Amino acid sequence: MIEFKSGDILNEDTDAIINTVNCVGVMGRGIALQFEKAFPDNFSAYE
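Heads up: the sequence shown runs through residues 175 to 221, numbered per our numbering.
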């Protein structure tokens, strides 16, 4: 079942937050950009 919620995914009280990526190595827009800003070490590993 899907549950729709409003809010900031980066501030949720949860065990994991998933950020899907591609092979380009760029997080330039949308939720990807928010993940890059919130988790710079994660972006360095992805890049």
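Virtual Cβ for every residue (Gly too), placed ideally from N, Cα, C.
The structure presented is a predicted model; accordingly, all values stated were derived computationally and were not measured.
By Cβ distance, which residues of its chain are closer than 6 Å to residue i, with the 5 residues on each side in sequence left out?
i    : result
E210 : M201 and F217
N193 : F209
L207 : M201
So residue i is in the alpha helix (DSSP H); what residue range does that whole segment cover?
i    : result
A212 : G204 to A212
Beta-carbon within less than 8 Å of residue i's beta-carbon, same chain only, minus the 5 sequence neighbours each way: which residues are those?
i    : result
V195 : M201, A206 and Y220
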